[in-house]
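Peer 1: My questions will all concern the structure given below.
There are 2 protein chains.
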Amino acid sequence: MAAAAPPPPPSPAPEAPNDVPQGSTPRGHPLFARIRLAHPTDVPHIHKLIHQMAVFERLSDQCIATEASLSSTLFTSPPFQSFTIFVLEVSHAPFVEHLQYNNAAYPPVTKVVNLDLPINDPDRDLFRSNGGVLGGDACVAGFVLFFPNYSTFLAKPGFYIEDLFVRECYRRKGLGKMLLSAVAKQAVKMGYGRVEWVVLDWNVNAIRFYEEMGAKILQEWRICRLTGDALNAYVNAQL
Amino acid sequence: MAAAAPPPPPSPAPEAPNDVPQGSTPRGHPLFARIRLAHPTDVPHIHKLIHQMAVFERLSDQCIATEASLSSTLFTSPPFQSFTIFVLEVSHAPFVEHLQYNNAAYPPVTKVVNLDLPINDPDRDLFRSNGGVLGGDACVAGFVLFFPNYSTFLAKPGFYIEDLFVRECYRRKGLGKMLLSAVAKQAVKMGYGRVEWVVLDWNVNAIRFYEEMGAKILQEWRICRLTGDALNAYVNAQL
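Chains as they are written, first to last, in the UniProt record's numbering: chain A, 1 to 239; chain B, 1 to 239.
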């Protein structure tokens, strides 16, 4: 992203409360959803999701992430200690246990969303995952990237959510809420004090959704960003 | 900090460009300044600085940090990999090398600020440091706490500055700029893409100072915060 660009918003498409009853019993057109820790083999999907997000935000000219640059900067620390990614997978068949994803730091979480109509996913093949599903039709539907931040007033870490994205055809089904809740739940589990992210001030639907999730919107604070040439000018700075 | 509280602003008292010529040759009333990595033994001073900052922001009721809670949550990772603190020390005598602070990850940086008048520091005894100064009159004048963040668009880490604080009697002498520049320089050195922080929208002096430092102010973005009871409600959340 270039100097003047805003950061990618979490959940650019807010997840409205889902009118379809949810539960663990499949009915109608069940959609099986799973959240698990990302694995280095997920990078091609994560890369595509990031670029879809950039297009959605009309900032694709500023998105220079490549699979190689993501691979070399992510997965450098154990989960939750630094940059951490949850991947959201969906399937029309139940997920089965898969050794590759059976991470003790975060055992995968599943739920069933019962839909009135089946979902037509035009990008299913692009996002097909090897998640170990009976029938083998699982695909990646979204992700959340977060990392620890710190509050000196609380003297506690928290989590900052950099990105939260659900692919268009899977929105408004409670899946963004599922991703955000997973981060919040993990924060509480670790005794952390806050979960924070940013939203565009004109995105009233997203703001309403976040407030329903319990978040406060801090109206007075502005982000300051030093990047590009302005940052590089400090390379030889005489302090 | 409580649920609705804003985060502590970096540099609540902006450092105006210093009219006093600076350099390495002491003249007039020289003030020797040094930036170094914080050490666990600095916690009592850092704790006092955090509370001074909270008073300055009129948010002291929300500052529950104690020396013990700071000690147990900071210094858990090598410098720059997670929460990192630079301490700013000042002295009327030159700093000498001190084995305790001779950290290979960040060798201390010093400069001389030549002042027309000497500084009267009412809290000198409270902030006295064992920094190894000829004459032994060094004290802690400020700090900056920062940690890595991540941009998916750049596929690069950056630094987020949570706090930047200079004690009142040492403001407007270029010391806040020195702290911010030290973080920016370290970011460039590590190949990072951004340095970010937040500012209150009505703090026009701080905004002007940050813009002079090369930062862009992102006007459209708002911080969302989930904390306190609203966060703890997720402890048993059914995703």
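Idealized CB from N, CA, C, for every residue including glycine.
Which same chain residues end up closer than 7 Å to A/Val195 when comparing Cβ atoms and leaving out the 5 residues on each side of it in sequence?
Peer 2: For the purposes of this step, residue 195 of chain A is taken as the residue at position 195 of the first sequence. Cβ within range, chain order: Gly158, Phe159, Ile161, Val183, Ala184, Ala187.
Peer 1: Looking at chain A, is there any beta carbon in it that lies within less than 8 Å of the beta carbon of B/Val213?
Peer 2: Indexing the second sequence from 1 puts residue 213 of chain B at position 213. Reading off the sequence shown, one finds Met at residue 213 of chain B, where the question assumed Val. Yes, its Cβ sits closer than 8 Å to a Cβ of chain A.
Peer 1: Per DSSP, B/Arg222 is paired with what?
Peer 2: Looking up residue 222 of chain B in the second sequence gives position 222. In DSSP, B/Arg222 forms a bridge with A/Val199.
Peer 1: Helix or strand or just coil, what does DSSP make of A/Val96?
Peer 2: For this step, residue 96 of chain A is matched to residue 96 along the first sequence. Of the three classes helix, strand and coil, the one that applies to A/Val96 here is coil, per DSSP.
Peer 1: Closer than 8 Å, Cβ to Cβ, to anything on chain A: give me those residues from the region 81-102 of chain B, in chain order.
Peer 2: Among the residues of the region 81-102 of chain B, those with a Cβ less than 8 Å away from any Cβ of chain A are Gln81, Ser82, Phe83, in the order of the chain.
Peer 1: Kindly indicate the opening and closing residues of the beta strand (DSSP E) around A/Asn114.
Peer 2: If you number the first sequence from 1, residue 114 of chain A lands on position 114. Where A/Asn114 is concerned, the enclosing beta strand (DSSP E) stretches over 109-115.
Peer 1: For B/Ile223 and B/Ala237, I'd like the C-alpha separation in whole angstroms.
Peer 2: The residue you call residue 223 of chain B lines up with position 223 of the second sequence. The residue you call residue 237 of chain B lines up with position 237 of the second sequence. If I take the Cα positions, the gap works out to 23 Å.
Peer 1: Please name the residue in A/Cys169, A/Ile207, A/Ile119 whose C-alpha comes closest to that of A/Gly28.
Peer 2: One-based indexing of the first sequence puts residue 28 of chain A at position 28. Ranking A/Cys169, A/Ile207, A/Ile119 by Cα distance to A/Gly28 puts A/Ile119 first.
Peer 1: Shorter than 8 Å from the beta carbon of B/Thr41 to some beta carbon of chain A?
Peer 2: In the second sequence, the residue the question calls residue 41 of chain B occupies position 41. Output row for B/Thr41: interface = no.
Peer 1: With 7 Å as the C-beta to C-beta threshold (strictly closer), list the residues of the region 160-180 of chain A near chain B in chain order.
Peer 2: Tyr160, Glu162, Asp163, Met178
Peer 1: When burial is assigned at 16 or more other CB atoms within 10 Å of the CB, is A/Gln219 buried or exposed?
Peer 2: Taking the first sequence and counting its residues from 1, one reaches residue 219 of chain A at position 219. The residue in question, A/Gln219, is exposed, as its Cβ has fewer than 16 Cβ neighbours within 10 Å.
Peer 1: Taking all protein chains shown into account, decide if B/Thr41 is buried (16 or more other Cβ within 10 angstroms of its Cβ) or exposed.
Peer 2: Within the second sequence, the letter at position 41 stands for residue 41 of chain B. B/Thr41 is exposed by the Cβ-count criterion.
Peer 1: Are there 16 or more other CB atoms within 10 angstroms of the CB of A/Leu49, so buried, or fewer, so exposed?
Peer 2: As a working mapping, residue 49 of chain A is identified with position 49 in the first sequence. A/Leu49 sits buried, since 16 or more C-beta atoms from the chains shown fall within 10 Å of its C-beta.
Peer 1: Less than 8 Å between the C-beta atoms of A/Ala233 and B/Gly191, yes or no?
Peer 2: Position 233 of the first sequence holds residue 233 of chain A. Position 191 of the second sequence holds residue 191 of chain B. Between A/Ala233 and B/Gly191, the CB-CB gap reaches or exceeds 8 Å.
Peer 1: Count the other CB atoms within 10 Å of the CB of B/Asn130; is the residue buried (16 or more) or exposed (fewer)?
Peer 2: Looking up residue 130 of chain B in the second sequence gives position 130. Classification of B/Asn130: exposed, given that the 10 Å Cβ count is below 16.
Peer 1: To which residues does DSSP link B/Asn149 through a beta bridge?
Peer 2: Within the second sequence, residue 149 of chain B is the residue found at index 149, counting from 1. Looking at the DSSP assignment, B/Asn149 forms a beta bridge with B/Gly158.
Peer 1: Cα-Cα, which of A/His47, A/Phe75, A/Ser71, A/Ser77 is closest to A/Cys63?
Peer 2: Here residue 63 of chain A is taken as the residue at index 63 of the first sequence, counted from 1. Looking at the Cα atoms, A/His47 is the closest of the given residues.
Peer 1: By how many angstroms is the C-alpha of B/Ser77 removed from the C-alpha of B/Arg36?
Peer 2: Here residue 36 of chain B corresponds to residue number 36 of the second sequence, with the count starting at 1. Here residue 77 of chain B corresponds to residue number 77 of the second sequence, with the count starting at 1. A direct Cα-to-Cα measurement between B/Arg36 and B/Ser77 gives close to 16 Å.
Peer 1: So what's A/Asp61 in DSSP terms, helix, strand or just coil?
Peer 2: Here residue 61 of chain A refers to the residue found at position 61 of the first sequence. In the structure shown, A/Asp61 sits in a helix (DSSP, three-state: H, G or I).
Peer 1: According to DSSP, which residues form a beta bridge with B/Ala33?
Peer 2: In the second sequence, counting from the first residue as 1, residue 33 of chain B sits at position 33. Partner(s): B/Val90, B/Lys111.
Peer 1: Within a Cβ cutoff of 6 Å, which residues of the same chain sit near A/Leu239, ignoring the five residues on either side of it in sequence?
Peer 2: Within the first sequence, residue 239 of chain A is the residue found at index 239, counting from 1. The answer is none, since no qualifying residue turns up.
Peer 1: What do you get for A/Glu89, buried or exposed, if any count of 16 or more other CB atoms within 10 angstroms of its CB means buried?
Peer 2: The residue given as residue 89 of chain A occupies position 89 in the first sequence. Per the 10 Å Cβ criterion, buried.
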